[in-house]
Each structure stands twice: as structure tokens, then as C-alpha cells.
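Counting in full-length UniProt numbering, the sequence shown runs from 1 upward without gaps.
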Amino acid sequence: ADTYKPYMDGKVVVVKHNGAINWASPAIFYSHCRISVTHFPFDQQQCELSLDHGSTMVLKLSYTAE
């Protein structure tokens, strides 16, 4: 991603009775990629976006795209 902007910079952590911990830290990422219009209007574009959670201890991780 080209830029990173914290969406909700709260520190709310939910600890469940079984020891499971849930910490939501949403953010908004902005990115761009080059496109080719050589065969317009029949071009197909593909951009790669790689996101990393930054920890090897994560058991469950979800990404949502809108």
C-alpha cells in the first residue's frame, strides 16, 4: 500500500472466558498500480496487494475488502 491511515485508533481489547483475545485495529490503505490499455476495451488488469499481520503468533486473521 502506498499510504496507511489508522481508521479507529482505539485500544479496546476483548478477553473471553476461554482466554481468547480479540483486538480490532482497522485501518484504511490507499494504493495504485499501473494499467495497460493496449487492447482497449478488452484489456484485463491485475494488481497485487500484499498485507502482513506482522506477527507469527496470529491464529486467526481476516481481511475485508469493500
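Even for Gly, the Cβ is constructed at its ideal location relative to N, Cα and C.
1) Pick from 44, 38 and 32: whose alpha carbon is nearest that of residue 50?
2) For the beta strand (DSSP E) that contains residue 15, what are its first and last residues?
3) Could you tell me which residues DSSP pairs with residue 22 in its beta bridges?
4) Look at residue 45 and residue 35 and say whether their C-beta atoms are less than 7 Å apart.
5) Taking just the CA atoms, how far does residue 42 sit from residue 18?
Reading off the structure:
1) Along the sequence shown, read from residue 1 onward, the residue named residue 50 stands at position 50. Of 44, 38 and 32, the residue nearest in Cα terms is 32.
2) As a working note, residue 15 is residue 15 in the sequence shown. Where residue 15 is concerned, the enclosing beta strand (DSSP E) stretches over 13-15.
3) Position 22 of the sequence shown holds residue 22. 14, per the DSSP bridge assignment.
4) Counting from one through the sequence shown, the residue named residue 45 turns up at place 45. Counting from one through the sequence shown, the residue named residue 35 turns up at place 35. Yes.
5) Locating residue 18 in the sequence shown gives position 18, counting from the first residue. Locating residue 42 in the sequence shown gives position 42, counting from the first residue. The C-alpha of residue 42 is placed about 53 Å away from the C-alpha of residue 18.
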